[in-house]
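In what follows, a structure is listed as structure tokens, so that the remarks can point back to it.
In my numbering, the protein residues as written are 65 to 172.
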């Protein structure tokens, strides 16, 4: 399955929307999008996972790396609306306590 990644500025932050499966083969697409944002002066990145049906450890590592890089410069990195399968991975790995996970996209 494919992974479609898009970015949009919304209010005071950038929303990265991923749709499809986030795995060893598709994770580079998300990594490229996030790396591009991290080269700018954006200080808040919101990753909309509502369209992600599956995520493996490679996908989680891409998210962790991006979160680490933005937090190192004082920014905010949030995950939004993970589906039950992805939420379960976050819980089993303990990453639900590492990431800020929101149920809906922030209004501002």
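Positions of the beta carbon are idealized from the N, C-alpha and C atoms, including for glycine. Keep in mind the model is a prediction, meaning the values are calculated, not measured.
Check                                                                   : Outcome
Counterpart residues of residue 82 in DSSP-defined beta bridges         : 69
Cβ pair residue 112, residue 145 closer than 8 Å                        : yes
Proximity to residue 68 [Cα-Cα], best of 162, 89, 154, 77               : 89
Under 8 Å between C-beta atoms of residue 134 and residue 102           : yes
Three-way DSSP call (helix, strand, coil) for residue 143 in this model : strand
Option in 109, 140, 130, 132 with minimal Cα separation from residue 72 : 109
Reduced DSSP secondary structure (H/G/I, E/B, other) of residue 164     : strand
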